[in-house]
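Novice: Starting off with a structure, shown below.
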């Protein structure tokens, strides 16, 4: 990265989550278990949706993309965190830190917009069921996905444009286990107040605004759904609570980290674990346990895989 050439600091040191060996052991078991489970669960959802023709619908298309995004969320932070748990000297290069920030905001921005698209999908399914497939056609689904990635990329690049060439002359210690913008900016050898405000405006206010827009949208959908009595409407409504749970799990830690007035609070580190480790695991659990069609499709895929393995 070019930023490394303009900075005395070439690497950053993480303080990690805890110095207690017992807590580190618990975190290692907890993180490893949920990381493996989230990777397997989300991979199974992607495989099931792409291979089962019964699931080739807009709702499952968006769900498969959410699982793909969760695979990325799990991989950006968790492997490095697990690797560093029992290391005394936890370091990351300047370029590695910039790359981590880039992918965190890219994937976070994409998921934020993807959850909005899923809310729109539920609105059409419940409020306009007769026009669902004409509105949520394949072209619109692809357009929503492409738009989410483009806007997420713009959001992430916009963040980095202002920080990648900041001068870092020391200290280089981050009281965290991953690179995040609020703590990263505070280490710069300049007055960082304006940049901190920019980060809060770009990430915190956007997260908070999107969260309230989604919650208001779901309230509107719930009110509209009460006027419907058809089985199809209630079937569509049955998935609504899962979307609300996912929205709260995703936006809660983001809002706290980027809007909390005391960024040195240790609570944000544990919320980051929730967002990066637990939420990607809970998403497939929430969607599959409450969806009979998805569970049946997963059983078919698993049975096919077992038969294929026996034959080979």
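Residue numbers (this note's numbering): 43 to 354. Glycine residues also receive a C-beta, built at the ideal position from the N, C-alpha and C atoms. Given the structure is predicted, the values throughout are model-derived calculations rather than measurements.
#1: Which value, in whole angstroms, describes the spacing of the CA atoms of residue 243 and residue 295?
#2: Can you have a look at residue 212 and say buried or exposed, based on whether 16 or more other CB atoms are within 10 angstroms of its CB?
#3: Quick check on DSSP: helix, strand or coil for residue 48?
#4: Please determine, among 68, 338, 247 and 190, the residue with the shortest C-alpha to C-alpha distance to residue 104.
#5: Between which two residues does the beta strand (DSSP E) harbouring residue 133 extend?
#6: Between which two residues does the beta strand (DSSP E) containing residue 55 stretch?
#7: Assuming residue 229 contacts residue 210 under a Cβ cut-off of 8 Å, what Cβ separation, rounded to an integer in Å, is found between them?
#8: List the DSSP bridge partners of residue 216.
#9: Buried or exposed for residue 326, going by 16 or more other Cβ atoms inside 10 Å?
#10: Tell me whether residue 44 is buried or exposed, calling it buried when 16 or more other Cβ atoms sit within 10 Å of its Cβ.
#11: Can you tell me whether residue 207 is buried or exposed, with buried defined as 16 or more other CB within 10 angstroms of its CB?
#12: Return helix, strand or coil for residue 295, following the three-state DSSP convention.
#13: Could you check what DSSP says for residue 170 in three-state terms: helix, strand or coil?
#14: Quick check: what's the CA-CA separation for residue 215 versus residue 254?
#15: Residues in the same chain with beta-carbon distance under 6 Å from residue 299, minus the five sequence neighbours each way, listed in chain order, please.
#16: Given a threshold of 16 other Cβ atoms within 10 Å of its Cβ, counted over all protein chains shown, does residue 153 qualify as buried or as exposed?
#17: Tell me, please, whether the stretch 157 to 172 touches the stretch 127 to 135 by the rule of three or more beta-carbon pairs shorter than 8 Å.
#18: Taking all protein chains shown into account, decide if residue 198 is buried (16 or more other Cβ within 10 angstroms of its Cβ) or exposed.
#19: Is it true that the stretch 107 to 126 meets the stretch 318 to 334, where meeting means three or more beta-carbon pairs spaced less than 8 Å apart?
#20: With C-beta atoms as the reference, is residue 339 less than 8 Å away from residue 92?
#21: Classify residue 342 as helix, strand or coil using the three-state DSSP reduction.
#22: Should residue 68 be labelled buried (16 or more other beta-carbon atoms within 10 Å of its own) or exposed?
#23: Mind checking whether residue 263 and residue 165 have CB atoms under 8 Å apart?
#24: Would the beta-carbon of residue 246 fall within 8 Å of that of residue 301?
#25: Can you tell me where the alpha helix (DSSP H) with residue 317 in it begins and where it stops?
#26: Could you check which residue in 136, 53 and 84 has the C-alpha nearest to that of residue 113?
#27: With distances taken Cα to Cα, identify the nearest neighbour of residue 179 among 193, 261, 162 and 82.
#28: State the Cα-Cα distance for the pair residue 345 and residue 98, rounded to the nearest angstrom.
#29: Under 8 Å between the Cβ atoms of residue 256 and residue 157?
#30: Is it true that the CB of residue 223 sits closer than 8 Å to the CB of residue 201?
Specialist: Let me lay it out:
#1: 16 Å
#2: exposed
#3: Annotation note: pLDDT 47 at residue 48 (below 50); position unreliable, coordinate value reported separately. Three-state DSSP puts residue 48 in a helix.
#4: 190
#5: 132 to 135
#6: 53 to 56
#7: 6 Å
#8: 56
#9: buried
#10: Summary for residue 44: the model assigns pLDDT 43, below 50, so the residue's position carries little reliability; its value from the coordinates is reported in the next sentence. Burial call: exposed.
#11: exposed
#12: helix
#13: coil
#14: 35 Å
#15: 310
#16: buried
#17: no
#18: buried
#19: yes
#20: no
#21: helix
#22: exposed
#23: yes
#24: yes
#25: No alpha helix (DSSP H) contains residue 317, which DSSP labels as neither H nor E.
#26: 84
#27: 162
#28: 20 Å
#29: yes
#30: yes
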